[in-house]
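Peer 1: One line per chain: the protein sequences are A and B, in this order.
No gaps in the numbering here: position 71 of the first sequence is 90 in this note's numbering, and each next residue is one more.
No gaps in the numbering here: position 110 of the second sequence is 129 in this note's numbering, and each next residue is one more.
2 protein chains.
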Amino acid sequence: MIGVLGGMGPLATVDFFGKVLVATSAGGDADHVPLLIQSDPRIPSRPAAILGDGRSPLPELMAGRDRLVAAGASALAMPCNTAHFWFRDLSAACPVPFISIVDACVAELAPMLNAGGSVGLIATRATLAGRIFDAPLMRAGYRLQVPNDESMDRLVLPGIELVKAGQTQQAGPLIEQAVRGLLQKGADALVLACTETPVALDAVQSPLRAKCVDSTAALARACVAWWRLHSQISCAT
Amino acid sequence: MIGVLGGMGPLATVDFFGKVLVATSAGGDADHVPLLIQSDPRIPSRPAAILGDGRSPLPELMAGRDRLVAAGASALAMPCNTAHFWFRDLSAACPVPFISIVDACVAELAPMLNAGGSVGLIATRATLAGRIFDAPLMRAGYRLQVPNDESMDRLVLPGIELVKAGQTQQAGPLIEQAVRGLLQKGADALVLACTETPVALDAVQSPLRAKCVDSTAALARACVAWWRLHSQISCAT
Numbered sequence: 020m021i022g023v024l025g026g027m028g029p030l031a032t033v034d035f036f037g038k039v040l041v042a043t044s045a046g047g048d049a050d051h052v053p054l055l056i057q058s059d060p061r062i063p064s065r066p067a068a069i070l071g072d073g074r075s076p077l078p079e080l081m082a083g084r085d086r087l088v089a090a091g092a093s094a095l096a097m098p099c100n101t102a103h104f105w106f107r108d109l110s111a112a113c114p115v116p117f118i119s120i121v122d123a124c125v126a127e128l129a130p131m132l133n134a135g136g137s138v139g140l141i142a143t144r145a146t147l148a149g150r151i152f153d154a155p156l157m158r159a160g161y162r163l164q165v166p167n168d169e170s171m172d173r174l175v176l177p178g179i180e181l182v183k184a185g186q187t188q189q190a191g192p193l194i195e196q197a198v199r200g201l202l203q204k205g206a207d208a209l210v211l212a213c214t215e216t217p218v219a220l221d222a223v224q225s226p227l228r229a230k231c232v233d234s235t236a237a238l239a240r241a242c243v244a245w246w247r248l249h250s251q252i253s254c255a256t
Numbered sequence: 020m021i022g023v024l025g026g027m028g029p030l031a032t033v034d035f036f037g038k039v040l041v042a043t044s045a046g047g048d049a050d051h052v053p054l055l056i057q058s059d060p061r062i063p064s065r066p067a068a069i070l071g072d073g074r075s076p077l078p079e080l081m082a083g084r085d086r087l088v089a090a091g092a093s094a095l096a097m098p099c100n101t102a103h104f105w106f107r108d109l110s111a112a113c114p115v116p117f118i119s120i121v122d123a124c125v126a127e128l129a130p131m132l133n134a135g136g137s138v139g140l141i142a143t144r145a146t147l148a149g150r151i152f153d154a155p156l157m158r159a160g161y162r163l164q165v166p167n168d169e170s171m172d173r174l175v176l177p178g179i180e181l182v183k184a185g186q187t188q189q190a191g192p193l194i195e196q197a198v199r200g201l202l203q204k205g206a207d208a209l210v211l212a213c214t215e216t217p218v219a220l221d222a223v224q225s226p227l228r229a230k231c232v233d234s235t236a237a238l239a240r241a242c243v244a245w246w247r248l249h250s251q252i253s254c255a256t
């Protein structure tokens with residue numbers, strides 16, 4: 020059973036749950052990955068802790084992690100890019116593997132660009148400020164491109180708000196323009212590191228989608244792959 | 020935190036999760052209901068146990084119930100109509116309230132018809148054979164109408180299969196005809212007691228939807244109502 024530390028926000032968690040089912044492409048229900056999902060919206064705000072003077076959500080994240088492990092999770096995942104600011108603390112001394120959303124994205128980028136290539140990152144202000152993707156991308160040998168302030172204020176953040184308000188058609192061109200801007204600045208591939216942006220591109224059937232890794236879908240595929248390997252090993256021993 | 024005993028199948032569980040979010044109509048993430056969702060597709064088949072010689076899933080359901088309670092669930096719900104065949108066993112000696120999908124439907128039917136009125140039931144063969152809704156509807160003073168064999172074989176079951184295959188537009192007219200058949204036989208209101216049938220009616224924007232209670236949505240609303248009452252009581256003491 021994979022434990023899912025979610026609820027930050029709950030829409031991202033339900034999106035992840037659906038993407039695990041899609042990633043399974045199961046012939047019957049029995050092939051699906053067993054999940055134990057905590058969706059707890061009471062965890063203190065991650066953006067407030069990273070960008071302002073909000074208190075750290077780490078104690079609540081730790082408690083959720085420990086609850087899922089105690090209940091039988093044999094691996095963990097957290098479908099929230101911003102919360103990966105605390106990933107090192109959460110995965111340290113964790114008795115089961117913790118599958119990182121960042122590592123899942125790096126793995127999916129590999130066939131999309133060459134060593135030394137440039138990766139664009141579309142994300143919220145807190146995910147960018149937390150430098151959550153920076154070190155792992157650099158360790159993998161990639162350079163990083165992020166939207167400038169003007170693109171954040173005029174395209175990315177309004178696009179995210181429109182998706183949250185259900186206006187996906189209006190959001191599509193804004194996110195598309197932000198993606199195109201990073202491609203023009205030299206990005207070879209992009210990571211869409213917030214739940215809303217893949218929805219916006221899909222709504223307008225953007226051809227730029229092929230250049231982008233959806234971080235939630237990448238984490239879902241990594242979890243399905245982990246489970247398949249793990250349950251095969253269990254069967255063999 | 021409400022514990023959700025799911026995964027039977029996982030699509031019904033993700034549907035329930037989404038309907039809890041819709042039922043919340045929350046202004047911000049913090050208003051959402053905290054959930055702990057077990058989605059375990061390894062639980063033995065409920066239809067095989069009710070209709071054939073499959074072994075009972077009760078031990079696995081009990082283990083899931085106890086896992087959720089041990090992990091801190093203060094109430095439980097099970098977004099699977101068929102699994103309510105074992106509801107009496109599951110709710111007996113349960114240390115926390117277990118919110119029944121059947122009771123949630125009966126509560127939503129009350130304003131839709133008069134005492135002594137007739138309720139139509141659209142469900143899978145296993146839910147019908149298990150007589151899961153019969154006693155609670157009769158205790159509430161209602162009569163029960165179910166589709167005849169011909170309607171099951173020609174409309175309900177093919178409609179469910181079409182939704183499972185993603186062909187919701189084609190499923191709509193079949194389910195609509197099954198609903199209309201029960202209304203013509205005297206039903207005053209209906210319960211759609213399987214995940215796929217509300218999807219089919221919504222796909223064709225059927226006006227008959229107003230006569231129907233979606234059991235998954237009814238359970239979601241009952242959970243949100245329970246949580247609001249419970250967390251207010253917690254705040255007050």
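All residues carry an ideal CB built from backbone N, CA and C; glycine is no exception.
Residues of chain A with CB closer than 9 Å to the CB of B:Arg86, please, in chain order.
Peer 2: The residue given as residue 86 of chain B occupies position 67 in the second sequence. The answer, in chain order, is Leu55, Ala90, Gly91.
Peer 1: Starting from the N-terminal side, write out each stretch of the alpha helix (DSSP H) that is 4 residues or longer and does not extend beyond the region 120-177 of chain B.
Peer 2: Listed in chain order, the complete alpha helix (DSSP H) runs (minimum 4 residues) inside the region 120-177 of chain B are 120-128, 144-148, 153-158.
Peer 1: Verify the CB distance criterion: does A:Ala42 have a CB-CB separation below 9 Å to chain D?
Peer 2: Absent from the structure is chain D; the protein chains it does hold are A and B.
Peer 1: Taking 6 Å as the limit between beta carbons, can you name the residues of its chain near A:Ala241, skipping five residues before and five after?
Peer 2: Along the first sequence, one-based indexing puts residue 241 of chain A at 222. Taken in chain order, the residues that qualify are Ile118, Ala123.
Peer 1: With three or more beta-carbon pairs closer than 8 Å as the criterion, would you say the region 58-68 of chain B touches the region 140-155 of chain B?
Peer 2: Short answer: they touch.
Peer 1: Whole angstroms is fine: what's the gap from A:Ala89's alpha carbon to A:Gly22's?
Peer 2: Here residue 89 of chain A is taken as the residue at index 70 of the first sequence, counted from 1. Here residue 22 of chain A is taken as the residue at index 3 of the first sequence, counted from 1. Taking the straight line from one Cα to the other gives about 10 Å.
Peer 1: Please report whether the beta-carbon of A:Ser58 lies at a distance below 9 Å from any beta-carbon of chain B.
Peer 2: The count along the first sequence starts at 1 and reaches residue 58 of chain A at position 39. With 9 Å as the cut-off, A:Ser58 counts as an interface residue toward chain B.
Peer 1: What is the DSSP secondary structure of B:Val210, reduced to helix, strand or coil?
Peer 2: Mapped onto the second sequence, residue 210 of chain B falls at position 191. In the structure shown, B:Val210 sits in a strand (DSSP, three-state: E or B).
Peer 1: Give me the chain A residues within the contact set of B:Phe36, using Cβ-Cβ distance strictly less than 7 Å, ordered along the chain.
Peer 2: Position 17 of the second sequence holds residue 36 of chain B. Neighbours of B:Phe36 on chain A, chain order: Val33, Phe36.
Peer 1: Taking A:Pro130 as the reference, give the member of A:Thr235, A:Ala208, A:Leu227, A:Val218 with the closest Cα.
Peer 2: Taking the first residue of the first sequence as 1, we reach residue 130 of chain A at position 111. Comparing Cα positions, the closest option is A:Ala208.
Peer 1: Am I right that B:Leu181 and B:Val165 are in contact with their C-beta atoms under 8 Å? What's the rounded C-beta distance?
Peer 2: On the second sequence, position 162 is the one that residue 181 of chain B refers to. On the second sequence, position 146 is the one that residue 165 of chain B refers to. With 8 Å as the limit, B:Leu181 and B:Val165 do not qualify as a contact, their Cβ atoms being about 21 Å apart.
Peer 1: Looking at the unbroken beta strand (DSSP E) that takes in A:Ile69, where does it start and where does it end?
Peer 2: Residue 69 of chain A sits at position 50 when you count from the first residue of the first sequence. Run containing A:Ile69: none in the beta strand (DSSP E); it sits in the alpha helix (DSSP H), 65-70.
Peer 1: Measuring straight from C-alpha to C-alpha, what distance separates B:Ala255 and B:Pro76?
Peer 2: The residue given as residue 255 of chain B occupies position 236 in the second sequence. The residue given as residue 76 of chain B occupies position 57 in the second sequence. Only weak support exists for where B:Ala255 lies, its pLDDT of 43 falling under 50; the value from the coordinates is given anyway. Their Cα atoms are separated by approximately 40 Å.
Peer 1: Determine which residues share a DSSP beta bridge with A:Cys231 and list them.
Peer 2: For the purposes of this step, residue 231 of chain A is identified with residue 212 of the first sequence, where counting begins at 1. Its beta-bridge partners are A:Leu209.
Peer 1: Pick helix, strand or coil for A:Ile12, following the three-state DSSP scheme.
Peer 2: One cannot answer for residue 12 of chain A here, as it falls past the ends of chain A, which runs 20 to 256.
Peer 1: Have a look at the DSSP bridge pairing and note the partners of A:Phe117.
Peer 2: Position 98 of the first sequence holds residue 117 of chain A. Paired residue(s): A:Leu95.
Peer 1: According to DSSP, simplified to helix, strand and coil, what is B:Gln189?
Peer 2: The residue you call residue 189 of chain B lines up with position 170 of the second sequence. Here B:Gln189 sits in helix by DSSP.
Peer 1: Whose C-beta lies closer than 7 Å to the C-beta of B:Ala145 among residues of the same chain, with five residues either side of it excluded?
Peer 2: Position 126 of the second sequence holds residue 145 of chain B. Excluding sequence neighbours, B:Ala145 sits near Arg65, Pro66, Ile69, Leu70, Thr101.
Peer 1: I need the DSSP call for A:Val88, collapsed to helix, strand or coil.
Peer 2: As a working note, residue 88 of chain A is residue 69 in the first sequence. Reduced to three states, the DSSP call for A:Val88 is helix.
Peer 1: Within the same chain, show all residues whose beta-carbon is closer than 6 Å to that of A:Leu248, passing over the 5 residues directly before and after it, in chain order.
Peer 2: As a first step, residue 248 of chain A must be located in the first sequence, where it is residue number 229. Closer than 6 Å at Cβ, skipping near neighbours: no residue.
Peer 1: Counting only C-beta atoms, is A:Gly71 closer than 9 Å to chain B at any point?
Peer 2: Along the first sequence, one-based indexing puts residue 71 of chain A at 52. For A:Gly71, the answer is no, since every Cβ of chain B falls outside 9 Å of its Cβ.
Peer 1: Could you spell out where the beta strand (DSSP E) holding B:Gly22 opens and where it closes?
Peer 2: As a first step, residue 22 of chain B must be located in the second sequence, where it is residue number 3. Where B:Gly22 is concerned, the enclosing beta strand (DSSP E) stretches over 21-25.
Peer 1: Could you tell me whether the Cβ of B:Gly185 comes closer than 9 Å to any Cβ of chain A?
Peer 2: Position 166 of the second sequence, counting from 1, holds the residue named residue 185 of chain B. Not one chain A Cβ lies under 9 Å of B:Gly185.
Peer 1: For B:Gln57, list the residues DSSP reports as bridge partners.
Peer 2: Within the second sequence, residue 57 of chain B is the residue found at index 38, counting from 1. B:Gln57 pairs with A:Leu55, B:Leu24.
Peer 1: Have a look at A:Val138 and A:Asn167 and give me their C-alpha separation to the nearest angstrom.
Peer 2: For this step, residue 138 of chain A is matched to residue 119 along the first sequence. For this step, residue 167 of chain A is matched to residue 148 along the first sequence. The alpha-carbon atoms of A:Val138 and A:Asn167 are separated by roughly 14 Å.
Peer 1: Shorter than 9 Å from the beta carbon of A:Met20 to some beta carbon of chain B?
Peer 2: Your numbering for residue 20 of chain A matches position 1 in the first sequence. By this cut-off, A:Met20 is an interface position.
Peer 1: Find the residues of chain B that neighbour A:Gly26, judging by a C-beta separation of less than 9 Å, and give them in chain order.
Peer 2: Counting from 1 along the first sequence, the entry for residue 26 of chain A is found at position 7. Result: Asp48, His51, Pro53, Leu54.
Peer 1: Between which two residues does the alpha helix (DSSP H) carrying A:Arg327 extend?
Peer 2: With chain A running from 20 to 256 in the structure shown, residue 327 of chain A is simply not present.
Peer 1: Should A:Gly73 and B:His51 be called a contact, given that it needs their Cβ atoms to be closer than 9 Å?
Peer 2: Position 54 of the first sequence, counted from the start, is the residue given in the question as residue 73 of chain A. Position 32 of the second sequence, counted from the start, is the residue given in the question as residue 51 of chain B. Not a contact, by the Cβ cut-off of 9 Å.
Peer 1: Tell me, to the nearest whole angstrom, how far the beta carbon of B:Leu238 is from that of B:Ala96; I am working on the premise that it is less than 8 Å.
Peer 2: Here residue 238 of chain B refers to the residue found at position 219 when the second sequence is read from its first residue. Here residue 96 of chain B refers to the residue found at position 77 when the second sequence is read from its first residue. That belief holds up - the Cβ atoms of B:Leu238 and B:Ala96 are roughly 6 Å apart, short of 8 Å.
Peer 1: Starting from A:Asp221, trace the alpha helix (DSSP H) both ways and give me its first and last residue.
Peer 2: In the first sequence, the residue the question calls residue 221 of chain A occupies position 202. 215-222 is the extent of the alpha helix (DSSP H) around A:Asp221.
Peer 1: Specify whether the region 222-232 of chain A and the region 214-231 of chain B touch according to this definition: at least 3 beta carbon pairs, one from each stretch, less than 8 Å apart.
Peer 2: At 8 Å Cβ cutoff, the stretches do not touch.
Peer 1: Tell me the residue span of the alpha helix (DSSP H) that contains A:Thr43.
Peer 2: Numbered from 1 along the first sequence, position 24 holds the residue referred to as residue 43 of chain A. Start and end: 29-43.
Peer 1: What separation, rounded to the nearest whole angstrom, lies between the Cα atoms of A:Thr32 and A:Pro98?
Peer 2: Locating residue 32 of chain A in the first sequence gives position 13, counting from the first residue. Locating residue 98 of chain A in the first sequence gives position 79, counting from the first residue. So the two alpha carbons sit approximately 6 Å from each other.
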